[in-house]
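Line by line, the protein sequences are chains A and B. Numbered according to the working numbering, the first sequence spans residues 1 to 315. Numbered according to the working numbering, the second sequence spans residues 316 to 630.
2 protein chains.
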Amino acid sequence: MPCGADPLVRAGRPRPALRSQGRPRTRAPAPQEQVDAPLTCRYTGDLTTAAQYVHGYSAREAERLADQAGTLAGLLHHDTVYPPGSLVLECGCGTGAQTEILASRNPGARIVSVDISEESLEQARARVEAAGHRNVEFRTANLFDLPFDDDRFDHVFLCFVLEHLKVPAAALQALKRVLRRGGTITAIEGDHGSWYCHPHTEEASRAVQCLVDLQARLGGDALVGRRLYPLLAQAGFRDARVSPRMVYVDNSRPDLVEGFSKNTFIAMVEGVRDQALSLGLIDARTWEKGIADMYRATGPDGTFCYTFFKGVAAR
Amino acid sequence: MPCGADPLVRAGRPRPALRSQGRPRTRAPAPQEQVDAPLTCRYTGDLTTAAQYVHGYSAREAERLADQAGTLAGLLHHDTVYPPGSLVLECGCGTGAQTEILASRNPGARIVSVDISEESLEQARARVEAAGHRNVEFRTANLFDLPFDDDRFDHVFLCFVLEHLKVPAAALQALKRVLRRGGTITAIEGDHGSWYCHPHTEEASRAVQCLVDLQARLGGDALVGRRLYPLLAQAGFRDARVSPRMVYVDNSRPDLVEGFSKNTFIAMVEGVRDQALSLGLIDARTWEKGIADMYRATGPDGTFCYTFFKGVAAR
């Protein structure tokens, strides 16, 4: 959730969901994605960098995102399958967390992964090469000005990109241009409003709501998951099918208690504490109780729920 | 959501979830399920009847429940499979909406379906016989005083029962007694706190919250779905596995728009309008906007989400 950067910058890593590592970026914002609320940024530096990314760049954040990527790969990607010979555009690849999964699951497909950041692409390239995949080409590109002919790709893929955009429908339209007729687009997004737990408390809900409010101030939409279907339909894609991917966690699933509930979701919420308090979105006492209540819901008698949404549509 | 009745009465039809028809009941309340808040009841009659069922008994309510049963059967029951020769107890069968599904999907199993209401059992018997099933025996029984020996059944099944109980763990323990070692219990419950929609509005959330508040005043728990795992574990069952069953509705699924969003869920919320207003849980203007917003979310650009939970555990 970086702010003050162009769409691919703002969609860049680290993301609230599947990115494995994050670094500041250095490109200017695209006009349609200009940020309205720089005061919500954690850092007060140049708005053309992504140092204002709401979740920050701490070691704990990097660890959180790595936990998340590993935990969720099967849930989100088991059915991301492209026929051998397909040409696939991955938009906003960041440091390649999804790229590695796409390449591994689709060894016969040719994947073009683009991002606005040269630095990120270097990391992505190293990651994918280290994993032994030879079917990925990396290119620098701006989502709203893609350096590809019309109808170039058989399929388009993007994950945790739309949540950061003020006008996600415009991004989908830009991607539609480079997709051949009959090709598919796949978009995966989270939805922070889908979270709940047991025991349920008002304070925990208010702490999570801070994330939603902060992302809104940055021009994004933390509730974009539930909106995927109308977004795809409005962009003119056809046969859109959206499927929820719910993460349900109870004490019988200790890997998810650690990898998702604690190290992904609660860590993400905790990461915006200072911003939420300084903006007066919540008072310190409510915040602390909310976080404590969330941890309580990871205990033996607790449960934890969150839903991602995956949409596939055809041009 | 009847009030002032014993557990099976209170768990009786019509229910907020899968019941197909509802009638008042006439049995006295069990001590442990005595209701604290009779003022929340729609009717002011004898508390020993179920006429206080929060959703009422109108023709529209009967239609709502029928829509719901048909719409959700596959989602909730596709994996309710018992081996031929199994002896299965269905607890709180009401008028037999689930019984018919169980009998149909498990022709080799012998099913004993119990309810506290003779009148309901008559309807259930007629329904199951009309469907041509011969593998069901109906008996009058109180959940907390079951007329069966210890270890009698191979499997136990209950659906939309626990949500109405003040002490659901006690019900599970009563059922455990009649289940043989190694046998399974299957419990299905909804969770009104899992609902959300797009476009999201505060008023719509507040209208739904009225349902949660009313059920709490009646001694029940509209958020029991997320609580299934700890309930089963606390009752001493082992190997509990809970799976969420999410109903996701967008404009590509017109059957769910009508059968679930409008005719099941919104209709259920609308059914508590008078109680919610008379108790001051919400003001009329907020209520009307909330309902209008929910209908808007059933339109071409809207989406609608609700999650049921299904738990299976072994004795």
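Virtual Cβ for every residue (Gly too), placed ideally from N, Cα, C. Everything numeric in this text was worked out from a predicted model, so none of it was measured.
Item: Looking only at DSSP bridge pairs, what is Asn135 of chain A linked to?; Value: None, per the DSSP bridge assignment.
Item: Beta strand (DSSP E) containing Glu433 of chain B: first to last residue?; Value: Careful: Glu433 of chain B lies outside any beta strand (DSSP E), inside the alpha helix (DSSP H) at Glu433 to Ala445.
Item: Taking the C-alpha atoms as reference points, what is the distance between Gln34 of chain A and Leu231 of chain A?; Value: Its pLDDT being 28, under 50, Gln34 of chain A is placed unreliably in this model, and the value from its coordinates should be taken loosely. Cα-Cα distance, rounded: 20 Å.
Item: Can you name, in chain order, every residue of its own chain whose Cβ lies under 8 Å from the Cβ of Thr395 of chain B, other than the five neighbours on each side?; Value: Ile416, Leu417, Arg420, Asn421, Phe472 and Thr501
Item: For a minimum of 4 consecutive residues, which ranges assigned as the alpha helix (DSSP H) are wholly contained in the region 213-287 of chain A?; Value: 228-234, 267-270 and 273-278
Item: Please identify, using Cβ separations under 8 Å, the residues of the region 555-584 of chain B that lie next to chain A, in order along the chain.; Value: Ala555, Arg556, Val557, Ser558, Pro559, Met561, Tyr563, Asp565, Asn566 and Ser567
Item: Do Val403 of chain B and Ala424 of chain B come within 8 Å of each other at the CB atom, strictly closer than that value?; Value: yes
Item: Do Asp506 of chain B and Phe624 of chain B have their CB atoms nearer than 8 Å?; Value: yes
Item: If you count every other CB in all the chains shown that lies within 10 Å of the CB of Asp528 of chain B, and 16 or more means buried, which is it?; Value: buried
Item: I believe Glu189 of chain A touches Val224 of chain A by the beta-carbon criterion, under 8 Å. Please report the beta-carbon distance rounded to the nearest angstrom.; Value: 5 Å
Item: Starting from the C-beta of Gly85 of chain A, find all residues in its chain whose C-beta is less than 8 Å away, skip the five residues before and the five after it, and write them out in chain order.; Value: Gly108, Ala109 and Arg110
Item: Taking its Cβ as the centre, do 16 or more other Cβ atoms sit within 10 Å of Arg338 of chain B, making it buried, or is it exposed?; Value: At Arg338 of chain B the pLDDT is 31, less than 50, meaning the model places this residue with poor confidence; the figure from the coordinates comes in the next sentence. Result: buried.
Item: Within the chosen definition, does the region 461-471 of chain B reach the region 506-525 of chain B through at least 3 CB pairs nearer than 8 Å?; Value: no
Item: Between which two residues does the alpha helix (DSSP H) holding Ala313 of chain A run?; Value: Run containing Ala313 of chain A: none in the alpha helix (DSSP H); it sits in the beta strand (DSSP E), Thr303 to Ala314.
Item: By a C-beta neighbour count over all protein chains shown, 10 Å radius and 16 as the cutoff for buried, is Glu163 of chain A buried or exposed?; Value: buried
Item: Provide the residue(s) that pair with Ile188 of chain A in DSSP beta bridges, ordered along the chain.; Value: A:Cys159 and A:Lys310
Item: Determine, using beta carbons only, whether Asp616 of chain B comes closer than 8 Å to chain A.; Value: yes
Item: Take Val178 of chain A as the anchor and find which of A:Asp151, A:Ala131 and A:Pro199 has the nearest alpha-carbon.; Value: A:Asp151
Item: The beta strand (DSSP E) that contains Arg467 of chain B, what's its start and end?; Value: That residue, Arg467 of chain B, is in no beta strand (DSSP E); it is neither H nor E in DSSP.
Item: Would you mind working out which of A:Val247, A:Ala276, A:Gln275 and A:Asp274 sits nearest Lys262 of chain A, comparing C-alpha positions?; Value: A:Val247
Item: Note down the Cα distance separating Phe160 of chain A from Gly535 of chain B, rounded to an integer number of angstroms.; Value: 38 Å
Item: Just reading off the beta strand (DSSP E) that Ser113 of chain A is part of, what are its end residues?; Value: Arg110 to Asp115
Item: Under 9 Å, CB to CB, which of the residues in the region 174-197 of chain A have a partner in chain B?; Value: Asp191, Gly193, Ser194, Tyr196 and Cys197
Item: According to DSSP, His198 of chain A sits in a beta bridge with which residue or residues?; Value: A:Thr303
Item: Answer yes or no: does any C-beta atom of chain B fall closer than 8 Å to that of Leu223 of chain A?; Value: yes
Item: What are the boundary residues of the alpha helix (DSSP H) that Leu417 of chain B is part of?; Value: Ala412 to Arg420
Item: When you compare each of B:Ala456, B:Ala484, B:Val451 and B:Ala486 to Val429 of chain B by their alpha carbons, which one comes out closest?; Value: B:Ala456
Item: Which residue comes first and which comes last in the alpha helix (DSSP H) that contains Leu172 of chain A?; Value: Pro168 to Arg177
Item: Is the Cβ-Cβ distance between Val269 of chain A and Val257 of chain A less than 8 Å?; Value: no
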